[in-house]
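Chemist: Under the working numbering, the first residue of the sequence shown is numbered 53, with each subsequent residue one higher.
From the three backbone atoms N, C-alpha and C, an ideal C-beta is built for every residue, glycine too.
Quick one: structure below, then a few questions.
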Amino acid sequence: LLSHPEFSDGRVSALKVSGGYYKDGQRYPDTEYGNSPLVGKGSVDKNKKDFGDFKKGEKFSIDGDWIAGVNDSHGTHVAGTIAASRDGVGMHGVAFDARLIMGNTGGTDGMTYGPNQDYNFFLNSYEGLAKSGARAINNSWGSNRKFYKAYEGATGYDGGNNLDIKDLDAAYKSYYPFVVNGKNFLDAAYEVATRYGVIQIFTAGNRDGMKESYTRAMLPYFRPDAEKYWLNVTGQLEGDTQRYNTPGHSKWWSVAAPAKPIYSTVVDLKTGKADYGTKGGTSMAAPHVTGALGVIMQRYPYMNNAQIREVLLTTARQIHDDFKEPADTRKISGFSAA
53 LLSHPEFSDG
63 RVSALKVSGG
73 YYKDGQRYPD
83 TEYGNSPLVG
93 KGSVDKNKKD
103 FGDFKKGEKF
113 SIDGDWIAGV
123 NDSHGTHVAG
133 TIAASRDGVG
143 MHGVAFDARL
153 IMGNTGGTDG
163 MTYGPNQDYN
173 FFLNSYEGLA
183 KSGARAINNS
193 WGSNRKFYKA
203 YEGATGYDGG
213 NNLDIKDLDA
223 AYKSYYPFVV
233 NGKNFLDAAY
243 EVATRYGVIQ
253 IFTAGNRDGM
263 KESYTRAMLP
273 YFRPDAEKYW
283 LNVTGQLEGD
293 TQRYNTPGHS
303 KWWSVAAPAK
313 PIYSTVVDLK
323 TGKADYGTKG
333 GTSMAAPHVT
343 GALGVIMQRY
353 PYMNNAQIRE
363 VLLTTARQIH
373 DDFKEPADTR
383 KISGFSAA
């Protein structure tokens, strides 16, 4: 990532973190269903037998730069949308003058959002970003876990437990695994947000027709004190067409942003060569919002992070005529805040 020309002007840095895992877990509990790690360096193939196991107390140490054979180009694409240089080549990011600090999840976008992701690993990452000066943290990584039973013993997808989040009752079932069997990455995100006042930007999810966003994005419904530090991002196509998970009960801290087709920075997994490419999804929508926050921060340097978030929400354009339905949301519009 750091070798990409769009990130070579000194504004972009990589965060290195180390520590020990909080509990036993897996990065890819659904690997056999396609949410899998890469086979290795120089390959685009997936290893559907690798669950990415880690053990309590096992040491980890990882650099925030792109790692061949470990990462795909998903994060590089997201980073470009946020802050790629405005140099007349390829494309430029929304906040092209911003400082960007990169953390590494230790995997690909096939990693699973869920209670299986380790508390200590993400606490070290989130806290390291905050201590390095980050004011907003973009979370465009991982696939949604559909299995909603208590995590202990839940090892993968099951046709009888394939959760479509269609109402608040289903959302409660989705939240439940996050509050049993110890802390997880979402606790780390919450603790760093409330302790340091950092804005956490999460994606709503890529399941069309769902009436609620996933737990990571709607956390303030269950932990109200997190709301002023949280943003949920759903997708918007050309015009005012909303795409992917709707905000549901998280509509009060949600915005829509361009989700496809988004042209940005990528890296060739076989050669490591810097390039450009097109991707889509709420992962591509979220960095537009993170970049917009950066622009507002530059315009209003005297505001704190919670105030910056409020400016973004209150200057976004409401998509629907009223705000009565759970699907209603707002979209960022032409940086009217700035």
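For glycine 329, I'd like the list of residues in its chain whose CB is within less than 6 Å of its CB, leaving aside the five on either flank, ordered along the chain.
Modeler: Numbered from 1 along the sequence shown, position 277 holds the residue referred to as residue 329. Val318.
Chemist: Spell out the partners DSSP gives valine 363 in its beta bridges.
Modeler: As a working note, residue 363 is residue 311 in the sequence shown. In DSSP, valine 363 forms no bridge with anything.
Chemist: Can you grab the Cα-Cα spacing for the pair leucine 54 / valine 69, in whole Å?
Modeler: The residue you call residue 54 lines up with position 2 of the sequence shown. The residue you call residue 69 lines up with position 17 of the sequence shown. So the alpha carbons of these two residues sit roughly 17 Å apart.
Chemist: Looking only at DSSP bridge pairs, what is tryptophan 282 linked to?
Modeler: Position 230 of the sequence shown, counted from the start, is the residue given in the question as residue 282. Gln252.
Chemist: Quick check on glycine 62: buried or exposed, where buried means 16 or more other Cβ atoms within 10 Å of its Cβ?
Modeler: Walking along the sequence shown from the start, residue 62 turns up at place 10. The residue in question, glycine 62, is exposed, as its Cβ has fewer than 16 Cβ neighbours within 10 Å.
Chemist: Note down the Cα distance separating aspartate 102 from alanine 344, rounded to an integer number of angstroms.
Modeler: Residue mapping note: residue 102 aligns to position 50 of the sequence shown, counting from 1. Residue mapping note: residue 344 aligns to position 292 of the sequence shown, counting from 1. Rounded to the nearest angstrom, the two C-alpha atoms are 37 Å apart.
Chemist: Could you pull the start and end residues of the beta strand (DSSP E) that threonine 267 belongs to?
Modeler: Along the sequence shown, read from residue 1 onward, the residue named residue 267 stands at position 215. Note, threonine 267: premise wrong, no beta strand (DSSP E); not H, not E.
Chemist: Just checking my contact of tyrosine 73 with lysine 108 at CB under 8 Å: how many whole Å lie between their CB atoms?
Modeler: Here the question's residue 73 lines up with position 21 in the sequence shown. Here the question's residue 108 lines up with position 56 in the sequence shown. With a Cβ gap of about 6 Å, tyrosine 73 and lysine 108 count as contacting.
Chemist: First and last residue of the beta strand (DSSP E) that includes phenylalanine 112?
Modeler: Position 60 of the sequence shown, counting from 1, holds the residue named residue 112. Residues 111 to 114.
Chemist: Going by CA-CA distance only, name the one from Ala278, Tyr352, Val141 and Ser125 that's closest to aspartate 320.
Modeler: Here residue 320 refers to the residue found at position 268 when the sequence shown is read from its first residue. For the residues Ala278, Tyr352, Val141 and Ser125, the minimum Cα distance to aspartate 320 belongs to Ser125.
Chemist: Label tyrosine 2 either buried or exposed according to how many other C-beta atoms from any shown protein chain fall within 10 Å of its C-beta, with 16 as the threshold for buried.
Modeler: Lying before the first or after the last residue shown, residue 2 is absent from the chain, which here runs from 53 to 390.
Chemist: As an exercise, report each continuous beta strand (DSSP E) stretch of at least 3 residues that is fully enclosed by the region 297 to 338, in chain order.
Modeler: 306 to 310, 314 to 319 and 326 to 331
Chemist: Based on the DSSP output, what are the partners of isoleucine 189 in its beta bridges?
Modeler: Counting from 1 along the sequence shown, the entry for residue 189 is found at position 137. Isoleucine 189 pairs with Gln252.
Chemist: Using alpha carbons as the reference points, say which of Asn233, Ser316 and Met355 lies closest to histidine 129.
Modeler: Counting from one through the sequence shown, the residue named residue 129 turns up at place 77. Answer by Cα proximity: Ser316.
Chemist: Is threonine 246 near glycine 162, with beta carbons less than 9 Å apart?
Modeler: To locate residue 246, count along the sequence shown from 1; it is residue 194. To locate residue 162, count along the sequence shown from 1; it is residue 110. No, these two residues do not count as a Cβ contact at 9 Å.
Chemist: Can you give the Cα-Cα distance for aspartate 277 and leucine 364, rounded to whole angstroms?
Modeler: Residue mapping note: residue 277 aligns to position 225 of the sequence shown, counting from 1. Residue mapping note: residue 364 aligns to position 312 of the sequence shown, counting from 1. Cα to Cα, aspartate 277 sits roughly 19 Å from leucine 364.
Chemist: Residues in its own chain within less than 7 Å of glutamate 58 by CB, not counting five upstream and five downstream?
Modeler: Translated into positions along the sequence shown, residue 58 becomes position 6. Same-chain partners within the cutoff: Gly132, Ala136, Ser137, Gly142 and Thr317.
Chemist: Select from Thr323, Met349, Gly155 and Lys312 the residue whose C-alpha is nearest the C-alpha of serine 335.
Modeler: The count along the sequence shown starts at 1 and reaches residue 335 at position 283. The shortest C-alpha separation from serine 335 is found at Lys312.
Chemist: Just the Cα atoms here: how many angstroms apart are glutamine 294 and phenylalanine 230?
Modeler: Taking the sequence shown and counting its residues from 1, one reaches residue 294 at position 242. Taking the sequence shown and counting its residues from 1, one reaches residue 230 at position 178. Each residue's alpha carbon lies about 28 Å from the other.
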